[in-house]
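Note that my numbering gives residue 253 to position 253 of the sequence shown, counting from 1, and the numbers run on in steps of one.
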Amino acid sequence: MHLSDILRAPKVVLHDHLDGGLRPATIIELAREYGYGLLPTEDPAALAVWFRDAADSGSLERYLETFAHTCAVMQTREALERIAAECAEDLAADGVVYAEIRYAPEQHLERGLTLDEVVEAVNAGFREGERRSGQKITVRALLTGMRHTDRSLEIAGLTVAHRDRGVAGFDIAGGEIGNPPARHLPAFQHLKRHNCHFTIHAGEAVGAESIHEAVQICGAERIGHGVRITDDITVHDDGTATLGRLAEYVRDNRIALEVCPTSNLQTGAAKDYATHPIDLLRRLGFRVTLNTDNRLVSGTTMSQEFGHMAEAFGYGPEVFEELTVAAVESAFLPLPERRRLIDEVVRPGYAALR
Ligand SMILES: [Zn+2]
1 MHLSDILRAP KVVLHDHLDG GLRPATIIEL AREYGYGLLP TEDPAALAVW FRDAADSGSL
61 ERYLETFAHT CAVMQTREAL ERIAAECAED LAADGVVYAE IRYAPEQHLE RGLTLDEVVE
121 AVNAGFREGE RRSGQKITVR ALLTGMRHTD RSLEIAGLTV AHRDRGVAGF DIAGGEIGNP
181 PARHLPAFQH LKRHNCHFTI HAGEAVGAES IHEAVQICGA ERIGHGVRIT DDITVHDDGT
241 ATLGRLAEYV RDNRIALEVC PTSNLQTGAA KDYATHPIDL LRRLGFRVTL NTDNRLVSGT
301 TMSQEFGHMA EAFGYGPEVF EELTVAAVES AFLPLPERRR LIDEVVRPGY AALR
């Protein structure tokens, strides 16, 4: 598949962090404006390389450290609006037609914004970015509770309060080790009581037991990453596989895995693209979606993720269409909107490529 075709192909991203996808030049400008002096360099290209190198350390914990710099410049209404608008523009320019962008409101309170003001600013930015992109993209926010803090119930409440104004669901993120999802059970129960969508980062640094807890104890509709579901799958020498009860449950209930290959390589959750479990999981019938996780920190885009998969597994338009439709079907959007996206945007977009 040619790069120009990959760029033109309609893409959907369900797992992308707002604070992991800033433009390097924007970080530098905002750091100057707000007097943040801890950036490793003031050259945009060098800063992009620095992020990627820092994230390449092979540890999830170190990968997460890079966010101190991005969050430092995301503390005012203007900065949040600008960053959200640029996020929508950058995704649209990459051929993304629908995106769910997540961030943790509690990380943007250092200069006096309230949680509600943070959400309002980001939503306003997304609307502005959609407008500037000629409405070629629709963006929804997912509000994230941090695993290591105790504000998840509050953030779940915030999600419910803003659900009709651009917020589509909830997530928990941050260091997985020592912070199992069930620690945040009250948040998930609150969302359930209010019929609200949520996904959970699980099965990235910790194995199948984390996915089990996320799905069976907490009730996650999707799993962020989830690649370590392979702990519950035995692949035999002849290529056939035997699934454990959990893997079978996740597959049979069409629980979407938000797979982020480049990010997995950086955090050590996978060794290389060629042996990344995404292809095995797809062939076994799991509902697999392809995602960026952190575009700046991982030095990636949706088109680049498509390119890596094309190279590693020979994927062409048929498989990318399948992955994109799976992503729309798993989106936290009302069913009529998902159907419209598939019938009027995704299917015709791929038909035009053939
Ligand atoms: Zn993530």
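Using N, Cα and C, we set each Cβ at its ideal position, and we do this for glycine too.
Chain B contact for residue i (CB, 7 Å cutoff)
| i | result |
| --- | --- |
| G21 | The structure shown contains no chain B; it is built from a single protein chain. |
Bridge partner(s) assigned by DSSP for residue i
| i | result |
| --- | --- |
| V288 | L257 |
| D171 | T144 |
| T199 | R222 |
| E100 | R140 |
| A54 | DSSP, once it has assigned bridges, lists no residue as partnering A54. |
| T242 | T234 |
| V12 | Y98 |
| D252 | Note: D252 sits in no beta bridge, so no partner. |
| H190 | BP columns for H190 are empty, so no partner. |
| H308 | Beta-bridge pairing links H308 to no other residue. |
| H17 | R102 |
| D293 | D16 |
Check: residue i C-beta below 6 Å from any heavy atom of ligand 1
| i | result |
| --- | --- |
| D171 | no |
| G299 | no |
| D279 | no |
| G224 | yes |
| D19 | no |
| D293 | yes |
Within 7 Å, strictly: CB atoms of residue i and residue j
| i | j | result |
| --- | --- | --- |
| G207 | R228 | yes |
| D150 | R102 | no |
| E78 | A124 | no |
| A31 | P44 | no |
| L296 | L38 | no |
| A141 | V167 | yes |
| E130 | I137 | yes |
| G244 | H225 | no |
| R52 | G299 | yes |
| H17 | N294 | yes |
| A182 | F126 | no |
| A104 | L91 | no |
| D5 | L335 | no |
| T242 | T230 | no |
| G178 | M146 | no |
| H184 | S152 | yes |
| A331 | Y273 | no |
Member of the options whose CA lies at the smallest distance from the CA of residue i
| i | options | result |
| --- | --- | --- |
| G355 | Y315, T301, G226 and F332 | There is simply no residue 355 to check, as the chain begins at 1 and stops at 354 in what is shown. |
| D232 | N195, D56, L280 and I200 | L280 |
| D56 | A310, A168, E329 and T262 | T262 |
| Q216 | T230, T199 and A205 | T199 |
| A72 | E89, A104 and E110 | E110 |
| V139 | E318, G169 and A241 | G169 |
| T289 | T275, F306, L257 and E311 | L257 |
| E305 | E42, D164, S152 and N264 | N264 |
| I155 | F126, V118, G175 and N179 | V118 |
| G157 | Q189, A173 and I6 | Q189 |
| A161 | P181, G285 and H194 | H194 |
| A121 | I83, M146 and L153 | I83 |
| E86 | N291, E329, S330 and R132 | R132 |
| L143 | Q107, E337 and Q135 | Q107 |
| L115 | C196, E176, Q135 and Q75 | Q75 |
| I255 | G285, E29 and G314 | G285 |
Stretch pair the segment 335-350 + the segment 263-281: three plus CB contacts closer than 8 Å | no
Report yes or no: do the segment 36-56 and the segment 311-326 share at least 3 C-beta pairs separated by less than 8 Å?
-> no
Looking at C-beta atoms only, is the number of pairs between the segment 91-110 and the segment 10-19 that lie closer than 8 Å three or more?
-> Because the criterion of three Cβ pairs below 8 Å is met, the segment 91-110 and the segment 10-19 touch.
Is the segment 204-218 in contact with the segment 234-250, if contact means three or more CB pairs nearer than 8 Å?
-> yes
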